[in-house]
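Peer 1:
Residue numbers (the UniProt record's numbering): 1 to 600.
1) Just how far apart, CA to CA, sit residue 555 and residue 9?
2) List the residues that DSSP assigns as beta-bridge partners of residue 215.
3) Within the chosen definition, does the stretch 336 to 355 reach the stretch 79 to 97 through at least 3 CB pairs nearer than 8 angstroms?
4) Buried or exposed: which applies to residue 405, given that a residue is buried once 16 or more other Cβ atoms fall within 10 Å of its Cβ?
5) In terms of alpha-carbon separation, which member of 577, 407, 411, 160 lies closest to residue 305?
6) At the level of alpha carbons, what is the spacing between residue 121 and residue 259?
7) Go ahead and pull the three-state DSSP assignment for residue 350.
8) Is the distance from the Cβ of residue 460 to the Cβ of residue 389 below 8 angstroms?
9) Tell me the DSSP secondary structure of residue 102 in three-state form.
10) Over what stretch of residues does the beta strand (DSSP E) that includes residue 243 continue unbroken?
11) Who does residue 228 pair with in a DSSP beta bridge?
12) Out of curiosity, what's the CA-to-CA distance linking residue 221 and residue 279?
13) In three-state DSSP terms, what is residue 34?
14) Report buried or exposed for residue 97, applying the criterion of at least 16 other Cβ atoms within 10 angstroms of its Cβ.
15) Is it right to say residue 580 is buried, meaning 16 or more other beta carbons lie within 10 angstroms of its own, or is it exposed?
16) Can you tell me which of the three DSSP states residue 116 falls into?
17) Taking the alpha helix (DSSP H) that residue 313 falls in, what are its first and last residues?
18) In angstroms with no decimal places, state the Cα-to-Cα distance between residue 333 and residue 321.
19) Mind checking residue 422: buried by the 16 CB within 10 Å criterion, or exposed?
20) Mind checking residue 1: buried by the 16 CB within 10 Å criterion, or exposed?
21) Which residue's Cα is closest to the Cα of residue 119: 61, 106, 169, 575?
22) Alpha carbon to alpha carbon, how far is residue 126 from residue 87? Give it in angstroms, no decimals.
23) Give the DSSP-derived three-state secondary structure of residue 196 in the structure shown.
24) Report, in whole angstroms, the separation of the C-beta atoms of residue 373 and residue 456, which I expect to be a contact under 8 angstroms.
25) In three-state DSSP terms, what is residue 236?
26) Give me the residue from 103, 123, 69 with the minimum Cα distance to residue 63.
27) Along the chain, where does the beta strand (DSSP E) containing residue 8 start, and where does it finish?
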């Protein structure tokens, strides 16, 4: 049977040949695990995703949540799927055994979660948001807050959200107007409106814990005046039982083009002046705390984009193998049998492009997950800090590159199906619509590019960038051992050298005060940086594929040859195309910056 969620062989290649997941079992935290326990968790995830998440993906899309008597109503299939996810332990996959978790590496947790993201993005969003909110409280909440809110979240009784966006402010969080007034008893009363709050209301849990950004009366202007508050849907009594309904009102639901099964809500806080909130950590430090959940969400959004692209790729691949149509250009006999469309060169081009995009991005997402494990479990504090710097640098790429190029993969999946591709009789149009939200989720490409060029590449004297350059150079040096990889390695080396020079020049502009000019074309910089990183990850995969071929297992030969061909495509078709973008950056082209409003 054709695989529909992701290739199990590719996952095993990533975990055990490229990223060496088994080496993590040598670390104390993961010592009780083995490849067998890792594979058992993956098998369980695949089973639940296939049997409970995937079957209602289309129904989720066709029957959106409804606003009924002030509450959101979902289709009935969502709760059994989420309950099975909770029962299997995936909500707490990375938590310690003593805390009710599976104590899995983040790498394995992400590999398991990828199956759910591929099967049903909308239903998966509810536990995804809860995991992020729980981690936020665990790291920055008080002991009392952890007891009152975190433990029920770990138990799966309470779910969570992040409430940032306001109607007038959008992504400009410095302009939020939600206010929090001290109540004199250690609590606060919030007043404001939030929009596009995913999971802001639903019947899947006893309570919903909103992580809300707001400003205190004495808050300084801008982002330095933002505080973070826990605002539950229902108040929680000292004994853990639910109290009265808090003054949080579901004002309505948004109806988006994708992720239709996820409630996207408008929430009003404090319409009756009695919205109780609890300050997390220090006043005016809320955005710094929230960045933990935002960065987790950015990596999660990137992986979600990968898996939607992956699902579309696998479906179009199976379709291309099954669909007879036409004959090859040299087939002149109209009475001869039609060939499967996978025999046509242009269909192979579109399939190969998809493979290069989704498997390259999949590798990067799992690499980031393993880096997160390094930030927690490497032996020395210095090693952990270095891993965190690299993860911070790569986060804008992990979020944005798949959101752009795995969406392009979805476009190609539609194209391969031809006229059927954009009908609702086939799933690829839904994959595209679902994935189209990801370039906006958790910050647009423009926001990510400003973060990358304006902050990440220069942070700590460029330490993370230097680390990344060293890693890429190391991969190129290892590739020299394989003559067959010379034509793949050289384009990456050429792009890397030019990107370094452009980066230094642009940072010089920023340091000299030419901020607007230096950042004007940052979106191009993000794309080139992303292609460089994905090219590096493909060269790594190519090295592992060559090593796999050398072992001579006939059963794996086609798999490894496919890896090498996809690496060849990306490094010889995609990577060289970046030089045009670099030329624009080198010239400080001001075509876009210089365009005047009146000229449109």
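Ideal Cβ positions, reconstructed from N, Cα and C, are used throughout, including at glycine.
Peer 2: In short:
1) 11 angstroms
2) 179
3) no
4) buried
5) 407
6) 7 angstroms
7) helix
8) yes
9) coil
10) 242 to 245
11) 213, 280
12) 19 angstroms
13) coil
14) exposed
15) exposed
16) helix
17) 286 to 322
18) 22 angstroms
19) exposed
20) With a pLDDT of only 47 at residue 1, under the threshold of 50, the placement of this residue in the model should not be trusted; the figure read from the coordinates follows. Residue 1 is exposed by the Cβ-count criterion.
21) 61
22) 15 angstroms
23) strand
24) Contact flag wrong, Cβ pair sits at about 21 angstroms.
25) strand
26) 123
27) Counting along the chain, residue 8 falls outside any beta strand (DSSP E), though it belongs to the alpha helix (DSSP H) covering 8 to 13.
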